[in-house]
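Here the protein sequences come in this chain order: H and B.
Sequential numbering from 129 applies to the first sequence in the working numbering.
Sequential numbering from 298 applies to the second sequence in the working numbering.
No residue lacks a Cβ here, since even glycine has one placed at the ideal position from N, Cα and C.
Quick caveat, the model's predicted, so the values are computed rather than measured.
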Amino acid sequence: MDEFYQQLAFILDEPEIKPEAVLADFSEWDSLSILSVIAMLDAQYSVNINGKELRNFKTAGELANEIVRLKAKN
Amino acid sequence: MNFTYQHKRISGILSVVPANEKTFLEEMRNYNFPEARSRKLMEVMGYGKHRLVEPGVCVSDLAVFGLQQLFDRGLLVPDEFDALILVTQSPDHFMPTTSSIIQGRLNLKHDLFCMDINQGCAGFLIGLMQAFMLLEQESIRKVILINADVLSRKVSPQDRNSYPLAGDAASITLVERDFNAPIIHSNLKMDGTRNEALIIPAGGFRKPSSPETAVMEDVGDNNFRAQDHLRMDGSSVFNFVQVEVPPLIESLLSTAGTTTEMIDYFICHQPNRFMLQKLADKMKIPHAKMPMNIVENFGNSSGVTIPMALCFNLANELKQRHYQCCLAGFGVGLTWSSMLMQLGHLNFCEIIDYP
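Shown next, in the form of structure tokens:
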């Protein structure tokens, strides 16, 4: 999932993002970033998570785990 | 569900936009956001300028203005059409129908089937389907389909989710019989369980407007709006489009026995540039085949955006020859629909300013 963290860092305009990073701590974790993440997950991982669900993930790592879980289900 | 229509064509499209133009940059200070973040939003979503009615301007004003132009220029003869369909979500009044108001203001004949349809972003396709069905009757020779909305009047200027993309407009589409026209395929799906994704909560009979419904509330994400205002759950709508629209169009093309390569243009409803880019990429449609520039030039005028995209991008082409076009509308309801039809040799195809 290294690629996922890189893409998330790009969307949030950060040099890097670690799994334990708390998403709500980023000033750019707003509706625009959420849309970009939805688009990225759909295009790269064929996974659909809506905005409301995205906001429920505390850390980047929790989101990454969910992507892995959903991908395994597909 | 799938539909087919025989021997029908569009013979002309006129779009009407308010002359009043505003830009995202000049409105940015209304939003409670850091400027850098707003600029990024502008780049990603493709916001530029949009057309908004002046206070008090209604749907029938735009429609009557456009129809009068067509009459004056000899492009349309009042007695030649037998039905007038208006698709709008911002009627002049709850009653009577705004199509009747238009009929009355223009003194149109009594042998005229006037009908309002309450539909939004899929409203051009829904309106065309009604027009095609009316044309099955011998007494209906031509149908005027009007799509018109002035929804900017219902969007909070402090709602950065919705206001930058708001746009007002009307379009007048002439639909008639043509025994040489190839078969038209369309499909349609609706899901009322998601009806709150796009809603104006107050102002109807369920929750009448009152001083309480006019109170501006902090709705999170630094946006402010009242219950009287339009509310769009942007990320749900985006998700909906990404999940539902590609299979809809794929199913339409396969039913019609064609492929994306065979289609000259994909003319979709215009929510914003970002959504359309993602849709095109997902469906592997070259961006040159899918116009995406209506929101940045005029705003999202709901059911009017497909005719606007045709008039703004393809006016000359569509007057000269035929093109194989796939239309798609998706939004409020939720409703999603696509249509495969030949478009071309239009007698008129242009955008005019009101007033």
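Contact belief for residue i with residue j at Cβ below 8 Å, rounded distance in angstroms
i, j, result
"M587 of chain B", "I481 of chain B", "Going by Cβ atoms, the distance from M587 of chain B to I481 of chain B rounds to 20 Å, so no, they are not a contact pair."
"L549 of chain B", "S635 of chain B", "5 Å"
"V354 of chain B", "A467 of chain B", "That belief does not hold up - the Cβ atoms of V354 of chain B and A467 of chain B are roughly 11 Å apart, past 8 Å."
"F571 of chain B", "V341 of chain B", "6 Å"
"C646 of chain B", "C608 of chain B", "5 Å"
"D446 of chain B", "T394 of chain B", "Actually they are not in contact, since the Cβ atoms of D446 of chain B and T394 of chain B sit about 15 Å apart, beyond 8 Å."
"M168 of chain H", "Q134 of chain H", "In fact, because the Cβ distance is near 11 Å, the residues do not count as touching under 8 Å."
"L163 of chain H", "G531 of chain B", "7 Å"
Same chain, Cβ closer than 6 Å to residue i, neighbours up to 5 away in sequence not counted
i, result
"Y302 of chain B", "F429, I481"
"D488 of chain B", "L631"
"R491 of chain B", "L631"
"M580 of chain B", "P543"
"T320 of chain B", "K346"
"Y269 of chain B", "Chain B is shown only over 298 to 652; residue 269 of chain B falls outside these bounds and no answer can be derived."
Chain-order list of residues whose beta-carbon lies under 8 Å from that of residue i (same chain, five-residue window excluded)
i, result
"V196 of chain H", "M129"
"N519 of chain B", "Y328, N329, F330, R457"
"I116 of chain H", "For residue 116 of chain H there is no data in the structure shown, the boundaries of chain H being 129 and 202."
"A523 of chain B", "S453, A499, T510, A511, V512, M513, E514"
"Q617 of chain B", "G641, H642"
"P375 of chain B", "F368, L403, L405, K406"
"F300 of chain B", "M426, H482, S483, N484, L485"
"F185 of chain H", "L151, L191, E194"
"S396 of chain B", "L381, I382, L383, C411, M412, D413, I443"
Segment limits, beta strand (DSSP E) that includes residue i
i, result
"S468 of chain B", "466-474"
"V314 of chain B", "305-315"
"D456 of chain B", "Unbroken run through D456 of chain B: none, as it is neither H nor E."
"F645 of chain B", "645-651"
"Y562 of chain B", "562-565"
"R334 of chain B", "First-last for R334 of chain B: 332-342, but that is the alpha helix (DSSP H), not the beta strand (DSSP E)."
"K346 of chain B", "346-348"
Cβ neighbours of residue i in the same chain (closer than 7 Å, five flanking residues each side left out)
i, result
"L527 of chain B", "L448, K451, V452, S459, I497"
"V361 of chain B", "I399, R402, L403"
"K408 of chain B", "Note that residue 408 of chain B is Asp in the sequence shown, not Lys. Cβ within range, chain order: D379."
"A606 of chain B", "I564, Q567, P588, I591"
"G501 of chain B", "none"
"S161 of chain H", "I139, L140"
Boundaries of the alpha helix (DSSP H) in which residue i is found, first to last residue
i, result
"N594 of chain B", "591-594"
"A625 of chain B", "No alpha helix (DSSP H) contains A625 of chain B, which is instead part of the beta strand (DSSP E) from 619-628."
"A167 of chain H", "159-173"
"I195 of chain H", "188-201"
"L151 of chain H", "Segment: none, L151 of chain H is in no alpha helix (DSSP H) and carries neither H nor E."
"K180 of chain H", "179-183"
"R570 of chain B", "570-580"
"T320 of chain B", "Here T320 of chain B belongs to no alpha helix (DSSP H); instead the beta strand (DSSP E) covers 318-320."
"R370 of chain B", "Careful: R370 of chain B lies outside any alpha helix (DSSP H) and carries neither H nor E."
"R402 of chain B", "395-402"
"D130 of chain H", "130-140"
"T552 of chain B", "531-552"
"G420 of chain B", "420-431"
Residue(s) in a DSSP beta bridge with residue i
i, result
"H482 of chain B", "B:T301, B:L637"
"F521 of chain B", "B:D515"
"D446 of chain B", "B:A466"
"N477 of chain B", "Beta-bridge pairing links N477 of chain B to no other residue."
"V384 of chain B", "B:I414, B:N444"
"M487 of chain B", "B:T632"
"L495 of chain B", "B:M529"
"K439 of chain B", "B:E473"
"N597 of chain B", "B:A463"
### Message
Assess contact between the segment 431-449 of chain B and the segment 472-479 of chain B, defined as three or more Cβ pairs (one per stretch) separated by less than 8 Å. Is contact present?
### Response
Touching, per the Cβ criterion.
### Message
Taking 8 Å as the cut-off, does the segment 599-606 of chain B touch the segment 407-419 of chain B (at least 3 CB pairs, one atom from each stretch)?
### Response
The segment 407-419 of chain B is in contact with the segment 599-606 of chain B.
### Task
Please confirm if the segment 185-194 of chain H is in contact with the segment 141-154 of chain H, defined as three or more CB-CB distances below 8 Å between the two stretches.
As far as the Cβ criterion goes, the segment 185-194 of chain H touches the segment 141-154 of chain H, which means the pair count is three or higher.
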